[in-house]
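Residues 1 to 297, numbered by full-length UniProt numbering, are exactly what the sequence shown covers, in order.
Single-structure report; data block below.
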Amino acid sequence: MELNMQRAWKRRDFLGLAACAGGAVFVSALPGWAAGRDEAFYFVQLSDAHWGFQGPPNPDARGTLPKAVAAVNALAEPPDFLMFTGDLTHTTDDPAERRRRMREFQSIIAALKVPVVHLMPGEHDAGLDQGAAYRELFGPTHYVFDHKGVHFIVLDNVSDPAGRVGAAQLDWLAADLAQQPQSARIVVFTHRPLFDLYPQWDWATRDGAQVIERLMPHPNVTVFYGHIHQEHHHMTGHIAHHAARSLIYPLPAAGSQPQRLPVPWDPAQPYRGLGWREVEAGRASGDFGIEERPVNG
1 MELNMQRAWK
11 RRDFLGLAAC
21 AGGAVFVSAL
31 PGWAAGRDEA
41 FYFVQLSDAH
51 WGFQGPPNPD
61 ARGTLPKAVA
71 AVNALAEPPD
81 FLMFTGDLTH
91 TTDDPAERRR
101 RMREFQSIIA
111 ALKVPVVHLM
121 PGEHDAGLDQ
131 GAAYRELFGP
141 THYVFDHKGV
151 HFIVLDNVSD
161 PAGRVGAAQL
171 DWLAADLAQQ
181 PQSARIVVFT
191 HRPLFDLYPQ
201 WDWATRDGAQ
211 VIERLMPHPN
221 VTVFYGHIHQ
231 EHHHMTGHIA
241 HHAARSLIYP
251 LPAAGSQPQR
261 LPVPWDPAQP
271 YRGLGWREVE
281 AGRASGDFGI
291 EERPVNG
């Protein structure tokens, strides 16, 4: 099966396109798997901005994403790339409003001083139209790229309203993995968790076990995801799964209360539970160093 590989958009490409009506795309492959292979590097993960959300529990709903952009730009050394693991925007039944929110999101992240930005959808971006608006404005919902000896796989487990990756994408994943050596360093990005964290709250992927089954033959696999609006770490066999905090409101621990309601806003600690992370990849190692960063007012 031929993989859909396009070049990644760099910041200068985006700035040129941001002034155009059609917006820009930040997805696809970095050229040169061999370039800088096995050099240490780091990237940033942001997640769950829910741009367009209004009301409790975040009275600064239009401020937290710009604050995160400013925080990333203030880093002493820019990351090699930034990955945004879904729910860029908040869901709406109005197709025109959905696109307007996506364009506003584009305009905000255009300020990022990062060489490459990769995006993927969450269910708020793609669940109501099977990813049509997302693909129109941002490009493919699943893709791969390679960077300094690490193979990155971006999976779409949100465009299907049932919360599945789906047979076609599972075949695509198997074909991609067949091209990788067993010892390859592999990082997978998803929005929903691939394991059954708490299906009652939609914190699962219906066919996530089939994804993990395809990944298990590779001993150096790490998964980064969003969706649950909190830091969380889990192991399935030798595969580590790390959830990121959100940029809009935190959610409670799985099953800790009857309903999945956001943690109330605390004026004394207004940005408690909101944040983003840096991930450092060491030289020729399967381990990744994770540093959690807060959103500050």
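Here a beta-carbon is modelled for each residue, glycine too, at the ideal position from N, C-alpha and C.
> Using 8 Å as the threshold, is the region 181-196 in touch with the region 140-159, meaning 3 or more CB pairs across them?
Replying inline: yes
> Which of the three DSSP states, helix, strand or coil, is assigned to Arg192?
Replying inline: What you label residue 192 is simply residue 192 of the sequence shown in a count that begins at 1. In this structure, Arg192 counts as coil in the three-state DSSP scheme.
>> Assess contact between the region 40-51 and the region 263-278, defined as three or more Cβ pairs (one per stretch) separated by less than 8 Å. Is contact present?
In response: yes
> What residue range is occupied by the uninterrupted beta strand (DSSP E) comprising Leu128?
Replying inline: Counting from 1 along the sequence shown, the entry for residue 128 is found at position 128. Where Leu128 is concerned, there is no enclosing beta strand (DSSP E), given that its DSSP letter is neither H nor E.
>> Please classify His238 as buried or exposed, where buried requires at least 16 neighbouring CB atoms within 10 angstroms.
In response: In the sequence shown, residue 238 corresponds to position 238, counting from 1. By the neighbour-count rule (16 or more Cβ atoms within 10 Å), His238 is not buried but exposed.
>> Give me the DSSP bridge partner(s) of residue 347.
In response: Nothing about residue 347 can be reported from this structure: the residues present for the chain run from 1 to 297 only.
> Is there contact here, the region 126-135 with the region 97-108, by at least three beta-carbon pairs under 8 Å?
Replying inline: yes
>> Can you tell me whether Trp201 is helix, strand or coil according to DSSP?
In response: For this step, residue 201 is matched to residue 201 along the sequence shown. The answer is helix: DSSP assigns Trp201 an H, G or I state.
> Around the C-beta of Gly289, are 16 or more other C-beta atoms found within 10 angstroms, so that it is buried, or is it exposed?
Replying inline: By 1-based counting over the sequence shown, the position of residue 289 is 289. That one is exposed.
>> What does the alpha-carbon distance come out to for the pair Ala111 and Asp80?
In response: In the sequence shown, the residue the question calls residue 111 occupies position 111. In the sequence shown, the residue the question calls residue 80 occupies position 80. C-alpha separation (whole angstroms): 16 Å.
>> Give me the residue from Leu82, Ala184, Ala61, Tyr42 with the minimum Cα distance to Ile248.
In response: In the sequence shown, counting from the first residue as 1, residue 248 sits at position 248. The residue with the shortest Cα to Cα distance from Ile248 is Ala61.
> Around the C-beta of Ile59, are 16 or more other C-beta atoms found within 10 angstroms, so that it is buried, or is it exposed?
Replying inline: By 1-based counting over the sequence shown, the position of residue 59 is 59. Sequence check: residue 59 is Pro here, not Ile. With fewer than 16 Cβ atoms within 10 Å of its Cβ, Pro59 is classed as exposed.
>> Are the CB atoms of His218 and Leu177 within a distance shorter than 8 Å?
In response: Working through the sequence shown from its first residue, we reach residue 177 at position 177. Working through the sequence shown from its first residue, we reach residue 218 at position 218. Yes. Within cutoff.
>> Rounding to the nearest angstrom, what Cα-Cα distance links Asn195 and Pro250 in this structure?
In response: In the sequence shown, residue 195 corresponds to position 195, counting from 1. In the sequence shown, residue 250 corresponds to position 250, counting from 1. The displayed chain sequence assigns Phe, not Asn, to residue 195. One C-alpha to the other measures close to 20 Å.
>> Which of the three DSSP states is assigned to Ser246 in this structure?
In response: To locate residue 246, count along the sequence shown from 1; it is residue 246. In the structure shown, Ser246 sits in a strand (DSSP, three-state: E or B).
> If you run the structure through DSSP and keep just helix, strand and coil, what is Ala175?
Replying inline: The residue given as residue 175 occupies position 175 in the sequence shown. Helix, per DSSP.
> Within 10 angstroms of its Cβ, does Pro31 collect 16 or more other Cβ (buried), or is it exposed?
Replying inline: Translated into the one-based positions of the sequence shown, residue 31 becomes position 31. At Pro31 the pLDDT is 36, less than 50, meaning the model places this residue with poor confidence; the figure from the coordinates comes in the next sentence. Exposed, since its Cβ has fewer than 16 Cβ neighbours within 10 Å.
> Using the C-alpha atoms, what's the distance from His151 back to Tyr143?
Replying inline: Your numbering for residue 143 matches position 143 in the sequence shown. Your numbering for residue 151 matches position 151 in the sequence shown. Cα-Cα distance, rounded: 11 Å.
>> Whole angstroms are fine: how far does the CA of Leu261 sit from the CA of Val211?
In response: The residue you call residue 211 lines up with position 211 of the sequence shown. The residue you call residue 261 lines up with position 261 of the sequence shown. If I take the Cα positions, the gap works out to 29 Å.
> Curious, which full-length beta strand (DSSP E) runs of at least 3 residues does the region 207-243 contain?
Replying inline: 221-225, 232-236, 239-243
> Where DSSP assigns a beta bridge to Pro294, which residues make up the other side?
Replying inline: Stepping through the sequence shown from its first residue, residue 294 is reached at position 294. Beta-bridge pairing links Pro294 to Gly275.
> Do Arg164 and Asp125 come within 8 Å of each other at the CB atom, strictly closer than that value?
Replying inline: Residue 125 sits at position 125 when you count from the first residue of the sequence shown. Residue 164 sits at position 164 when you count from the first residue of the sequence shown. No, they are not a contact pair.
> At which residues does the beta strand (DSSP E) containing Leu65 begin and terminate?
Replying inline: Indexing the sequence shown from 1 puts residue 65 at position 65. Note, Leu65: premise wrong, no beta strand (DSSP E); alpha helix (DSSP H) at 64-73.
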